[in-house]
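Engineer: Chains F and V are the protein sequences, given in the same order. Going by the numbering used here, the first residue of the first sequence is number 1, and it counts up by one from there. Going by the numbering used here, the first residue of the second sequence is number 1, and it counts up by one from there.
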Amino acid sequence: MKDWTGILRLEAEERNGKTVAKNVYFQGAFKVMRPIYHDDSGQACYYILNPGGGYLDGDRYQMKIALREQARLTLTTQSATKIYKTPTNPAYQETEITLKKGSYLEYITDPLIGYARARYKQKTVVKMETGATFLYSDIITSGWSPEGAKFSYDLLQLITEIYIEDELVMYDHIKLNPTSQTMNSLGFMEGYSHLGSMVVVGEQASHELLDQLYQAIREDTTEYKVGLSFLPVAGIIIRILANSTQTIERIQTTCHHIINQHFFNTTPSFLRKY
Amino acid sequence: MATAMNNNTLSLFQLCDTNFPTGAFSHSYGLESYIQEDQVHDQVTLSKWLHVYVHEQLVHSDGLASRIIFDALEEGDLDKIWKLDRMLTVQNLPRETREGTQKMGDRMLNLVSSLYDVPILSQYRERIKQKQSFGHPAIVFTIIGHHLGVARSTTILYYLYSVISSLAQNAVRAIPLGQTAGQLVIQQFQGVLTEATDKILSLDEEDFGIISPGLEMSQMRHERVHIRIFMS
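1. Assuming V/Cys16 contacts V/Ser165 under a Cβ cut-off of 8 Å, what Cβ separation, rounded to an integer in Å, is found between them?
2. How long is the line joining the alpha carbons of V/Lys80 and V/Phe141, rounded to whole angstroms?
3. Strictly under 8 Å for the Cβ-Cβ distance: is V/Thr155 near chain F by that measure?
4. Can you name the residues of chain A whose CB is closer than 8 Å to the CB of V/Arg224?
5. Per DSSP, which one or two residues make a beta bridge with F/Asn23?
6. With F/Glu38 as the anchor, note down where its beta strand (DSSP E) starts and where it stops.
7. Within the same chain, show all residues whose beta-carbon is closer than 6 Å to that of F/Glu275, passing over the 5 residues directly before and after it, in chain order.
8. When the Cα of F/Ser79 is compared with those of F/Leu67, F/Tyr47, F/Asn89, which residue comes out closest?
9. What residues match up with F/Gln93 in a beta bridge as DSSP calls it?
10. Report yes or no: do three or more beta-carbon pairs, one from the segment 103-118 of chain F and one from the segment 224-243 of chain F, lie closer than 8 Å?
11. What first and last residue would you give for the beta strand (DSSP E) that runs through F/Phe134?
12. For F/Pro146, does the count of other Cβ atoms within 10 angstroms reach 16, so buried, or fall short, so exposed?
13. V/Thr89 touches chain F at which residues, Cβ-Cβ below 7 Å?
14. Based on DSSP bridge pairs, tell me the residues matched to F/Val226.
15. Just the C-alpha distance for F/Leu56 and F/Arg117, rounded to the nearest angstrom, thanks.
16. In the segment 173-189 of chain F, which residues sit with their C-beta less than 7 Å from some C-beta in chain V, listed in chain order?
17. So is F/Val32 in contact with chain V if we call contact Cβ pairs under 8 Å?
18. Hey, quick one: how far does the alpha helix (DSSP H) through V/Pro112 stretch, first residue to last?
19. Residues of chain F with a CB under 9 Å from the CB of V/Trp49: which are they?
20. Residues of the segment 187-213 of chain V in Cβ contact with chain F at a cutoff of 8 Å, in chain order, please.
21. Determine the DSSP secondary structure at V/Ile175, reduced to helix, strand or coil.
22. Using a Cβ-Cβ cut-off of 8 Å, state whether V/Met104 counts as contacting chain F.
23. With H, G and I counted as helix, E and B as strand and the rest as coil, what does DSSP make of V/Thr9?
24. Does any residue of chain F bring its CB to less than 8 Å from the CB of V/Leu148?
25. Check this for me: beta carbons of V/Ile186 and V/Val59, under 8 Å apart or not?
26. Counting pairs of beta carbons, one from the segment 188-200 of chain V and one from the segment 54-71 of chain V, are three or more of them closer than 8 Å?
27. Under a Cβ-count criterion, where at least 16 other Cβ atoms within 10 Å of its own Cβ denotes burial, should F/Leu34 be classed as buried or exposed?
28. Taking the alpha helix (DSSP H) that F/Val199 belongs to, which residues open and close that run?
29. Does the beta-carbon distance from F/Ile164 to F/Met198 come in below 8 Å?
30. Put V/Ile229 into one of helix, strand or coil per three-state DSSP.
31. Which one of V/Ile144, V/Ser133, V/Ala138, V/His27 has the shortest CA to CA distance from V/Pro119?
32. Leaving out five residues before and five after F/Ile258 in sequence, what residues of the same chain have Cβ atoms less than 8 Å from its Cβ?
33. Nearest chain F C-beta to V/Arg67 closer than 8 Å, yes or no?
34. With 16 as the cutoff for other CB atoms within 10 Å, does F/Tyr153 come out buried or exposed?
35. Go through its chain and collect everything with a Cβ distance to F/Tyr25's Cβ below 6 Å, but skip five positions before and after it.
36. Under a Cβ-count criterion, where at least 16 other Cβ atoms within 10 Å of its own Cβ denotes burial, should V/Gly76 be classed as buried or exposed?
Here it is, written out as structure tokens:
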């Protein structure tokens, strides 16, 4: 099937200390704005726009992002991804990210909001060379329905595969299916409404960094719950259960700062959106 | 009837015995976190946890892998087995649980290699030695089940049984519960395991590795539990 609702291709390279686009192409309901340089580091920031305002029945999106050696890029959405009801076919998005040696991509997505009866599947495949660094975050909300009921969507499925030198090093499969699962119960969301994930993969990831992150976000509250662990390769996963997008964003921002400090001795820029 | 009982099935029983030294007695797969938070404290709450663990985590990881591997063995597709070994390992994001499982897989592999002469087992050991593979008990168990000529569904069912019987006994020690309560849980689970096996047989290969957020979190949080009786 080639009939994409939206296509985005972005290839970036490093030129004299600055990351610039080598190829940009978009079509349909996907769009990127001109890059923004938040500071003098040369790191470019691209905002992805969904002019349609949300994903509809049977919508199919495809994104291919490639960074050449030493390129540094922030990729983020302009606002939350809304999935409307999908009576016939689930909405689908596939993303392929290719990172050459020495490149750094931070892909910070806004919350995913599944409306009543929505079904959505996304597959993200990241192919890294040794020496590349990748940071990713997402937030899955309890969705939206006119009655204010939580988890009124039918399916949210997120698959993330990370490869280093063509070898699978992380496989993450979240499939929330409120029609057949008791979301509040033990083992699932356990009374929380939002699930956040952050993954970082890069040679500088260490157990000391993991401890530092844990110390910074360990909870002394019932407002949220965090779980952190070290991946099968140099990398860290951070999961957060909470009751609001803001809580998860706050924790992810804290982690993002610590990771950038640890990796590059830099501070991430504030992403202006509203 | 006793003679009708497949002798080979009896051989596979040996691997289900909680005394079979794979180290299962030192892993709780996050259950200890729930016990410490007092969410699991009696027979009823233990059954509830086990039910979620079996139906949501185990079927999508070990269970589905066992089915795929059994088929791969039938077809002689060894690459598929090594692929699943990697997938089982890299989808297991909580480090303690992943490393614990790997250690158990390794011990089980060494042990059964002394009991059975199966070429694939030696290949598997060699791959682990060369760091090409990781080691996983579900894979070793399935190779033996297949080698013994035990049916696919029976192999899966017995594997699930071996996991939950160890877990129930670990829970008896940790909660603590009476021995009878532990046995009642295992007895009640006969139906659940049959259902889980049916579910595994009907799953799509695409369903591999689906996590349960709460369970996964409890496994990650166990790494930060200071006073503990289990390694995961």
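Glycine included, C-beta positions come from ideal geometry on N, C-alpha and C. Owing to the predicted nature of the structure, the values given are computational and were not obtained by experimental measurement.
Structural biologist: According to the structure data:
1. 7 Å
2. 16 Å
3. no
4. The displayed structure is made up of protein chains F and V, and chain A is not among them.
5. Answer is F/Glu11, bridged to F/Asn23.
6. The amino acid occupying residue 38 of chain F in the given sequence is His; Glu does not appear at that position. Careful: F/His38 lies outside any beta strand (DSSP E) and carries neither H nor E.
7. Here chain F has residues from 1 to 274 only, and residue 275 of chain F is not among them.
8. With distances taken between Cα atoms, F/Ser79 lies closest to F/Tyr47.
9. F/Tyr61, F/Gln122
10. no
11. 133-140
12. exposed
13. Simply Pro232.
14. F/Ile240
15. 11 Å
16. Along the segment 173-189 of chain F, the positions whose C-beta sits under 7 Å from a C-beta of chain V are His173, Ile174, Lys175, Leu186, Gly187, Phe188, Met189, read in chain order.
17. Contact with chain V is absent for F/Val32, since none of that chain's Cβ atoms lies less than 8 Å from the residue's Cβ.
18. It should be pointed out that residue 112 of chain V corresponds to Val in this sequence rather than to Pro. Its alpha helix (DSSP H) spans residues 95-115.
19. Leu186, Gly187
20. Asp207, Phe208, Gly209, Ile210, Ile211, Ser212, Pro213
21. DSSP places V/Ile175 outside both helix and strand once states are collapsed to three, so it counts as coil.
22. no
23. helix
24. no
25. no
26. yes
27. The question names Leu, but residue 34 of chain F is Arg in the sequence shown. F/Arg34 is exposed by the Cβ-count criterion.
28. For F/Val199, there is no enclosing alpha helix (DSSP H); the enclosing beta strand (DSSP E) has its first and last residue at 194-201.
29. no
30. coil
31. V/Ile144
32. Leu209, Gln212, Leu213, Ala216
33. Among the CB atoms of chain F, none fall inside 8 Å of the CB of V/Arg67.
34. buried
35. Arg9
36. Exposed, because fewer than 16 other Cβ atoms sit within 10 Å of the Cβ of V/Gly76.
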